[in-house]
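Scroll down for the structure; my scribbles are underneath it.
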Amino acid sequence: MLAAMPGHSLQRNVPMTFSIHRRPSWAISENQATPEGVYLDRRRILQGFGLGMLTAATLAASAGVGRAQDADPTADLYPAKKNEAYKLDRPVTPEEINGHYNNFYEFGTAKDIAANAQNLVIRPWEIEIGGLVETPFTIAFDDLVRKIPLETRLYRHRCVEAWSMTVPWAGFPLKSLVALAKPQASAKFVRFETFLDPEMADGQNDFLYPWPYIEGVTIEEAGHDLAFIVTGAYDKPVAKQHGAPLRLHLPWKYGFKSIKSIRKISFVEERPIGLWEALQPSEYGFWANVNPEVPHPRWSQAMERVLDTGELVPTQLFNGYAAEVAGLYTGMDPATLYM
Ligand SMILES: Nc1nc2c(c(=O)[nH]1)N[C@H]1C(S)=C(S)[C@@H](COP(=O)(O)O)O[C@H]1N2
Ligand SMILES: [Mo]
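Here it is as structure tokens:
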């Protein structure tokens, strides 16, 4: 049994009628949907995650939804050149698996929010960069994404709920964006904020959560080469359910730190308080560095369940990136680096 984030069961057996009802009116009909990434045995999804009521037709329909729109103006940037320095110890998770097993609470608290997330409007999309910088500015995503060369990196992702996936992300190091922002010497943290639009994202009408989604890292963490701004995945612009048009990925930290659909980046002196920390500080801390020996208050973090295969494997310190990132935390007790 997988663990779930606060107040929610995993809802593994929710019928997929949810996504059918939420299909936007412009969605193409099922027989037009020709998902290009159908390279997996669908029965594996059905069995592996107990989604017994999920039909192949429903899956194909929701996979096709994202392609019903106008062509993405950044599509020419993909595939981005692969950075061979980033290798995996396990296969890449099939696109359709992690494209249908998401945490994006703006679009609902279940894992099957992919269809509902197609309501996310990603153009125009501007990113506000401010706080302790030389000159605050706003930049259109379509301009930003052409300012910094894109690369493809294979990364591991470990959710605090004890499941993991591997993704071929494309994007650029966060440090390149920091350089563009020109922070002042007094900036100690970088604070990220997701959009706030309850009409577009119906999950934001759920007043249990302190919207908008916020996350933060230290300026040193932001300068680490592993900290990555994701703009693409699977050799095309990143899908809406994964946090289009741009999201963060910090592979050595629990997944909730990797904020999606970023609208605002601020350089600040005070440590930012993320949405999960604001909601439940005893369970979700600022550092959130993956550590098999520090249990979540309600479950063990010793093992993780690999998406697709369902295999249980040992969790690794810093999610396997200790050689790269441990130096960021010298002198700090690894056990306290969860909170
Ligand atoms: N804005 C926003 N960002 C978010 C979340 C969210 O609910 N809203 N969920 C987080 C969690 S808990 C995880 S595990 C990852 C999931 O990313 P994926 O759905 O692309 O696998 O996104 C993170 N970023
Ligand atoms: Mo997560």
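Its first residue numbered 1, the sequence shown is counted upward by one per residue in this note's numbering. Beta carbons are placed, not taken as given, at the ideal position from N, Cα and C, and that holds for glycine.
For residue j and residue i, the rounded distance between their alpha carbons
| i | j | result |
| --- | --- | --- |
| R146 | G320 | 31 Å |
| Q241 | W169 | 14 Å |
| I28 | Q118 | Summary for I28: the model assigns pLDDT 31, below 50, so the residue's position carries little reliability, and this model does not support an answer. |
| L88 | T166 | 8 Å |
| A187 | F267 | 6 Å |
| F189 | R263 | 17 Å |
| A335 | R158 | 17 Å |
| I342 | P73 | What is shown of the chain runs 1 to 339, which leaves residue 342 out entirely. |
| E134 | A185 | 10 Å |
| V253 | R191 | For clarity, residue 253 is Lys in the given sequence; the question names Val instead. For K253 and R191, the distance between alpha carbons rounds to 16 Å. |
| A220 | V160 | Rather than Ala, the amino acid found at residue 220 in this sequence is Glu. Computed Cα separation, rounded: 23 Å. |
| W201 | A115 | Note that residue 201 corresponds to Ala in the displayed sequence, not to Trp. Using only the alpha carbons, I get a separation of about 12 Å. |
| L196 | T138 | 17 Å |
| L250 | V294 | 19 Å |
| A278 | P210 | 7 Å |
| Y338 | Q301 | 11 Å |
| L208 | E84 | 43 Å |
| K81 | L150 | 7 Å |
| L120 | E270 | 31 Å |
| Y86 | Q280 | 33 Å |
| M303 | E283 | 18 Å |
| W163 | L317 | 15 Å |
| R23 | G203 | The pLDDT assigned to R23 is 32, lower than 50, so where the model puts this residue is not dependable; a value taken from the coordinates is nonetheless given after this. One C-alpha to the other measures close to 15 Å. |
| L248 | E199 | 24 Å |
| R156 | G310 | 15 Å |
Cβ-based burial, residue i [other Cβ within 10 Å; buried from 16]
| i | result |
| --- | --- |
| T152 | buried |
| N205 | exposed |
| R298 | exposed |
| A57 | With a pLDDT of only 42 at A57, under the threshold of 50, the placement of this residue in the model should not be trusted, and no figure is reported. |
| N289 | buried |
| M53 | Low per-residue confidence applies at M53: pLDDT is 40, beneath 50, and the placement is therefore not dependable, though the value from the model is reported in the following sentence. Classification of M53: exposed, given that the 10 Å Cβ count is below 16. |
| P212 | buried |
| P79 | exposed |
| M332 | exposed |
| T330 | exposed |
| V65 | Residue placement at V65 is flagged as unreliable, the pLDDT there being 47, under the threshold of 50; the coordinate-derived value follows with that caveat. When all chains shown are included, V65 counts as buried. |
| F228 | buried |
| V238 | buried |
| D308 | buried |
| A71 | exposed |
| V313 | exposed |
| E193 | buried |
| P173 | buried |
| P183 | buried |
Proximity test, residue i beta-carbon vs ligand 1 heavy atom, cut-off 7 Å
| i | result |
| --- | --- |
| N102 | yes |
| T315 | no |
| M339 | no |
| M200 | no |
| G171 | no |
| Q118 | no |
| G243 | yes |
| Y155 | no |
| E84 | no |
| T194 | yes |
| S164 | no |
| E277 | no |
| I148 | no |
| K236 | no |
| N98 | yes |
| K260 | yes |
| Y213 | yes |
| Y105 | yes |
Ligand 4 heavy atom lying under 7 Å from the CB of residue i
| i | result |
| --- | --- |
| A115 | Absence of ligand 4 is noted for the structure shown, with ligand 1 and ligand 2 being the only ligands found. |
Residue i beta carbon near ligand 2 (any heavy atom closer than 7 Å)
| i | result |
| --- | --- |
| F256 | yes |
| E161 | yes |
Say whether the stretch 88 to 108 touches the stretch 229 to 245, bearing in mind that this needs 3 or more beta-carbon pairs closer than 8 Å, one atom from each stretch. yes
Residue ranges of each beta strand (DSSP E) within the stretch 156 to 229, 3 or longer: 163 to 173, 189 to 194 and 214 to 218
Validate contact between the stretch 211 to 223 and the stretch 270 to 288 using beta carbons, cut 8 Å, 3 pairs: yes
The stretch 309 to 327 contacting the stretch 101 to 114, beta-carbon criterion three pairs below 8 Å: no
List, from N- to C-terminal side, the alpha helix (DSSP H) runs of 4 residues or more that fit wholly inside the stretch 241 to 310. 275 to 279
Mind listing, in chain order, the continuous alpha helix (DSSP H) runs of no fewer than 4 residues lying wholly within the stretch 83 to 162? 95 to 98 and 141 to 144
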